[in-house]
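In the numbering used here, the protein residues as written are 6 to 445.
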């Protein structure tokens, strides 16, 4: 018998003679939340409704938390569910009847919104606007943690930048590092320049950045390829005492590599004493970015911990860019034979690219046909990219057709010019269509 079942029995037994108070209801709902037991939870909530105890803050919070946890655990969010309607109705009724909910209630609702990625964005955003209005009417808009949660909700729901920045500006006297990090994260997804501008404002307020703040800024510098600024932030990282932090080391290695300074990436890597697999993979990925397969293989040979699946993606990418067919084949074969790592679609795509770049299109086709899983769009895209030699027209058509089926909107390869030749003529393919109209 589970914990929630036992507690439910203890709760239900005395109901004939005793009336439980709001704290008893909150305890049982919390137990149902921890054990993901929706059945008992709904019965308890129904009883709370009949006894008019459902609007107590502790009961409301427990109810919201229970449904949020259960839906996240089971993945039952599909459209705007009954659960979400109940949450909305509950919060609105509490406000309508003047039943004082607190910050915890609002934070619980915001948390459930942030975790509901599969809900209809329009409906949830509309609900978010309503909650925003409610926080203003109730005065909770002055609470920094509520505003931070609201900014995160807007950001997660597609980044309503205007509302995010307005909220952030309204709490100018109370902004802490959490609020600053939240707004910088929001802008880093859509406006890198503004994110960096916010970082400069952050410095003017004499707040001390933490590892998360630094990682966001370094990500922005990496995307903008701004080496000078990355160096400046690196010095701040060291001054702040984060020089040995592996999370920031990863961000620095990536930032320097994107700026074209692979030697600085290696300096950061060499300066970290205790390296985890993520750090090793980041360094390998940096070398792969520039096709420096020899250096990548040398780093791999020094790896003193077990590699993972990502390790081999970086190694195979490096071999592909450098045209190292034999080394790439040996690495691919060693995954299962030596390390017990089953190759995934990404690894097969790398091998197809390696073989295709070397002109071994037939071998690439055989490899795809032997895959133990269905090839994804990345694999078919790699195979299509290999079809530039005479005699590959039918294979190019097959790869393009499958690519269209799997990824009709985001297949960049279909937008490229590809020229292949059959026994009769050259065929010019543009946007997946043959100029002769005899293949596509």
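Every residue gets a Cβ at the ideal spot worked out from N, C-alpha and C, and that includes glycine.
query                                                                                                                             : result
Cβ-Cβ distance between residue 201 and residue 225 below 8 Å                                                                      : yes
Beta carbon of residue 353 nearer than 8 Å to that of residue 384                                                                 : yes
Segments of 4+ residues assigned as alpha helix (DSSP H) that fall wholly inside the region 377-411                               : 382-391, 398-411
Residue 279 - DSSP class collapsed to helix/strand/coil                                                                           : coil
Length of the line joining the Cα atoms of residue 333 and residue 296                                                            : 13 Å
Residue 266 (DSSP reduced to helix, strand or coil)                                                                               : coil
Exposed unless 16 or more other CB atoms sit within 10 angstroms - verdict on residue 319                                         : buried
Cutoff 7 Å; reference residue 369; Cβ partners in own chain excluding five residues on either side                                : 357, 360, 361, 388, 391
Cut-off 8 Å between Cβ atoms - residues of its own chain near residue 284, not counting five sequence neighbours on either side   : 251, 254, 255, 258, 274, 277
Alpha carbon of residue 192 to alpha carbon of residue 222, nearest angstrom                                                      : 11 Å
Neighbourhood of residue 185 by C-beta, 6 Å cutoff - its chain only, sequence neighbours within 5 removed                         : 207
Other residues of its chain near residue 322: CB distance less than 7 Å, five sequence neighbours each side excluded              : 293, 355
For residue 25, the three-state DSSP class (helix, strand or coil)                                                                : coil
Three-state class that DSSP yields for residue 61 in the structure shown                                                          : coil
First through last residue of the alpha helix (DSSP H) which encompasses residue 320                                              : 314-327
Contact check, residue 267 vs residue 291, beta carbons under 8 Å                                                                 : yes
Helix, strand or coil at residue 33 [DSSP, three-state]                                                                           : helix
Beta-carbon separation (whole angstroms), residue 507 vs residue 190, contact threshold 8 Å                                       : Outside the modelled stretch of the chain, which goes from 6 to 445, sits residue 507, for which no answer is possible.
Start-to-end residues for the alpha helix (DSSP H) that takes in residue 307                                                      : Run containing residue 307: none; DSSP gives neither H nor E here.
Selection from 141, 218, 212, 132 that minimises the alpha carbon distance to residue 180                                         : 212
Residue span of the alpha helix (DSSP H) that contains residue 367, given as start and end                                        : 366-374
Opening and closing residue of the alpha helix (DSSP H) in which residue 188 lies                                                 : 182-193
First through last residue of the alpha helix (DSSP H) which encompasses residue 346                                              : Residue 346 -> no alpha helix (DSSP H), and no H or E assigned at all.
Simplified DSSP state of residue 340, which is helix, strand or coil                                                              : helix
Top-ranked residue by Cα proximity to residue 351, from 317, 364, 338                                                             : 317
Where residue 297 sits in the DSSP three-state scheme                                                                             : coil
Supposed contact pair residue 16 and residue 29 - C-beta distance, whole angstroms, cut 8 Å                                       : 6 Å
Supposed close pair residue 264, residue 308 - CB separation, criterion 8 Å                                                       : So it is not a contact: roughly 25 Å between Cβ atoms.
Beta-carbon contacts of residue 314 that lie in its chain and below 7 Å, excluding the five residues immediately before and after : 346, 349
Nearest neighbour of residue 324, chosen from 39, 374, 305, 219 [CA to CA]                                                        : 305
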